[in-house]
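S.K.: Just so we're on the same page, the working numbering is the position in the sequence shown counted from 1, plus 62.
If you scroll down you'll find the structure; I have some questions about it.
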Amino acid sequence: MIPYGRQEVTQTDIDAIVAVLRSDFLTQGPQVPLFEQTVANHVGARHALAVNSATSALHIACLALGLGPGDWLWTTPNTFVASANCGLYCGAQVDFVDIDPRTYNLCPQALERKLVAAQAAGRLPKVVVAVHLCGQPCDMAAIHALGQRYGFKIIEDASHAIGGKYKGEFIGNGRYSEITVFSFHPVKIITTAEGGMALTNDAELANKMALLRSHGITRDAAQMTHAPDGPWYYQQVDLGFNYRMTELQAALGVSQMARLDDYVARRHALAARYDTLLADLPITRPWQHPDSYSGLHLYVIRLQLERISKTHRQVFDSLREQGIGVNLHYIPVHTQPYYQQMGFKAGDFPEAERYYAEAISLPMFQTMTEAQQDKVTEALRAALAS
């Protein structure tokens with residue numbers, strides 16, 4: 063089976079992990095701050111906070127921005143559930159904005175229409191989570207301009223997008239948002255096995271997230287209510303969580319970061335080759351906005367169902383039967399039973415639903431060979447044949 067995503071772990075990565083195993087620190091040592099600084103330097107952010115998952119990063123990002131009961135978080139329905147769940151964790155209410163039919167990201171025009179209506183109803187969002195699906199950035203300049211006009215804060219869910227660029231600058235530099243979140247799950251562009259990171263240019267937000275990831279505990283006398291009792295002393299000054307990243311994960315991340323640019327370049331080469339190989343098929347290939355340089359976590363095709371005699375399910379099943387580990391990213395969040403209990407229903411966000419009815423994620427990973435890509439192409443041709 064050719065998987066849709068796969069990590070690469072080299073001997074250099076293994077050596078880095080073994081070195082940590084032989085060191086004095088398996089957690090809360092020097093590798094986590096080194097990894098944070100490595101990523102921050104690469105993308106051009108002032109602060110980075112490594113955590114145990116991108117979901118954890120989204121949670122503490124929302125809390126740091128003051129999201130809570132009575133507030134609204136808006137995001138796209140075309141994402142993994144964590145992009146919306148982070149608002150519910152904070153006691154806020156969640157709503158969605160439909161997608162752009164070309165980029166599959168949150169549509170700025172749909173966002174503006176919804177903001178106009180929300181302002182009239184007194185229900186403006188406090189936070190908008192802009193998800194960079196497949197690694198392609200949203201139209202962040204437009205979303206940021208709306209944030210300035212309507213007063214909401216922006217989190218970039220860049221779980222798919224480390225190494226990508228927007229308007230020639232690395233995603234994560236914070237030019238158009240308060241906080242950016244990366245994921246380091248094994249199918250992502252680089253991995254720490256599990257793990258995530260929140261990046262910001264705001265020192266106050268960084269300090270808040272640092273507290274929240276580690277039980278709300280501080281050893282900084284400046285944050286305490288009174289002078290420390292002694293060198294052993296700490297205080298819990300907030301209600302936090304155990305969201306820390308281990309030294310083993312961070313060491314793997316530092317090692318993988320050395321290959322990040324090469325990995326993204328390889329994904330672009332594979333995407334360009336897919337574009338050529340699939341050009342004559344009854345599918346819609348991914349469109350890239352000229353302002354973007356995608357991280358290309360995913361290569362998603364959409365079936366032109368009116369031009370083929372097979373259903374979406376039949377094509378998907380045929381590919382799996384031929385040993386191609388295709389997937390579908392994503393099931394619109396508002397169609398999930400948990401969210402339908404809140405009143406969402408099919409038909410609420412038609413562009414996202416049309417996407418779901420046609421989309422298939424083809425295999426895309428940096429170690430993929432041309433022979434594997436040829437096999438995917440041949441299998442797709444067979445699956446589409448009448």
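Positions of the beta carbon are idealized from the N, C-alpha and C atoms, including for glycine.
1. Between the C-alpha atoms of G208 and E432, what's the straight-line distance to the nearest angstrom?
2. What first and last residue would you give for the beta strand (DSSP E) that runs through H109?
3. Compute the beta-carbon to beta-carbon distance between V143 and Q435, rounded to the nearest angstrom, for a pair I have assumed lies under 8 Å.
4. Restricting to Cα atoms, I'd like to know which of W134, T72, D160 and P139 is closest to G149.
5. Can you tell me whether P399 is helix, strand or coil according to DSSP?
6. Provide the residue span of the alpha helix (DSSP H) that contains F97, from first to last.
7. Classify W349: buried if its beta carbon has 16 or more other beta carbons within 10 angstroms, exposed otherwise.
8. Does the separation of the CB atoms of L301 and I363 fall below 9 Å?
9. Does T117 come out as helix, strand or coil in the three-state DSSP assignment?
10. What ranges does the beta strand (DSSP E) occupy inside the region 303–377, keeping only unbroken runs of at least 3 residues that lie completely in it?
11. Entirely within the region 123–167 and at least 4 residues each: give me those alpha helix (DSSP H) ranges in chain order.
12. Using alpha carbons as the reference points, say which of A220, Y295 and E231 lies closest to G258.
13. Got a sec? Which residues, its chain only, sit under 7 Å from D323 by beta carbon, not counting five neighbours each side?
14. Return the chain-ordered list of same chain residues with a C-beta closer than 7 Å to the C-beta of G213, the five sequence neighbours on each side being excluded.
15. Just mark M307 as buried or exposed, buried being the case when its beta carbon has 16 or more other beta carbons within 10 Å.
16. Just to confirm the assignment, what range does the alpha helix (DSSP H) spanning D75 have?
17. Note down, in chain order, each residue of its chain lying with its Cβ closer than 6 Å to the Cβ of A172, except the 5 sequence neighbours on either side.
18. Tell me whether the region 311–320 and the region 84–102 touch, counting them as touching only if at least three CB pairs, one residue from each stretch, are closer than 8 Å.
19. Nearest to R347 by CA position, among A320, F411 and Y417, is which residue?
20. Where does T242 fall in DSSP's three states?
21. Just list the residues that DSSP pairs D219 with in beta bridges.
22. Which full runs of the beta strand (DSSP E) of 3+ residues lie inside the region 255–291, going along the chain?
23. Return yes when the Cβ of L168 is within less than 9 Å of the Cβ of V193, no when it is not.
24. Which of helix, strand or coil does DSSP assign to I422?
25. Given a threshold of 16 other Cβ atoms within 10 Å of its Cβ, counted over all protein chains shown, does M202 qualify as buried or as exposed?
26. Pick out whichever of A260, W136 and N140 has its Cα sitting closest to the Cα of E240.
27. Please name the residue or residues paired with I252 in a DSSP beta bridge.
28. Would the beta-carbon of T138 fall within 9 Å of that of V94?
29. DSSP on T431, reduced to helix/strand/coil?
30. If you draw a straight line from the C-alpha of V189 to the C-alpha of V326, how long is it?
31. By the 10 Å Cβ neighbour count, where 16 or more other Cβ atoms means buried, how is S356 classified, buried or exposed?
32. State yes or no: is the C-beta of G387 within less than 9 Å of the C-beta of I64?
33. Leaving out five residues before and five after F232 in sequence, what residues of the same chain have Cβ atoms less than 8 Å from its Cβ?
34. Considering only their Cβ atoms, is the gap separating R369 from P344 smaller than 9 Å?
35. Less than 6 Å between C-beta atoms, sequence neighbours within five positions excluded: which residues of the same chain meet that for S245?
M.R.: The answer reads as follows:
1. Before going on, a small fix: residue 208 reads as Leu here, not Gly. Separation of L208 and E432 (C-alpha to C-alpha, rounded to the nearest whole angstrom) is 43 Å.
2. That run of the beta strand (DSSP E) goes H109 to V113.
3. About 30 Å; that fails the 8 Å criterion.
4. Ranking the options by Cα distance to G149, first place goes to W134.
5. DSSP places P399 within a helical segment (H, G or I) once states are collapsed to three.
6. Note, F97: alpha helix (DSSP H), Q93 to V105.
7. W349 should be labelled exposed.
8. 9 Å or more divides the Cβ of L301 from the Cβ of I363.
9. Reduced to three states, the DSSP call for T117 is helix.
10. As far as the region 303–377 is concerned, its whole beta strand (DSSP E) runs of at least 3 residues are 361–365.
11. Whole alpha helix (DSSP H) segments, 4+ residues: 144–151.
12. Taking only the C-alpha atoms, the option nearest G258 is A220.
13. Excluding sequence neighbours, D323 sits near G225.
14. A distance below 7 Å between beta-carbons, with the five flanking residues on each side excluded, links G213 to the following residues of its chain, in chain order: L186.
15. Burial call: buried.
16. Boundaries of the alpha helix (DSSP H) around D75: Q73 to L83.
17. Within the same chain, and ignoring the five residues on either side of A172 in sequence, the residues whose Cβ sits closer than 6 Å to its Cβ are V159 and D160.
18. Counting C-beta pairs closer than 8 Å gives three or more between the region 311–320 and the region 84–102, which meets the contact rule.
19. Here the closest residue by C-alpha is Y417.
20. Three-state DSSP puts T242 in a strand.
21. Answer is V193 and V243.
22. List check, beta strand (DSSP E) in window: 258–262.
23. Yes, the Cβ-Cβ distance between V193 and L168 is below 9 Å.
24. The answer is strand: DSSP assigns I422 an E or B state.
25. When all chains shown are included, M202 counts as buried.
26. Ranking the options by Cα distance to E240, first place goes to A260.
27. In the DSSP output, where bridge partners are listed per residue, I252 has none listed.
28. Not in contact: T138 and V94 (Cβ atoms no closer than 9 Å).
29. DSSP places T431 in the coil class of the three-state scheme, outside both helix and strand.
30. Approximately 30 Å, taken between the alpha carbons.
31. By the neighbour-count rule (16 or more Cβ atoms within 10 Å), S356 is buried.
32. Their beta carbons are under 9 Å apart, which means G387 touches I64 by this criterion.
33. Only H104, V105, G106, G225 and G226 meet the Cβ criterion.
34. In contact: P344 and R369 (Cβ atoms closer than 9 Å).
35. Within the same chain, Cβ atoms closer than 6 Å to the Cβ of S245 are found at A116, S221 and G258, the five residues on either side in sequence being excluded.
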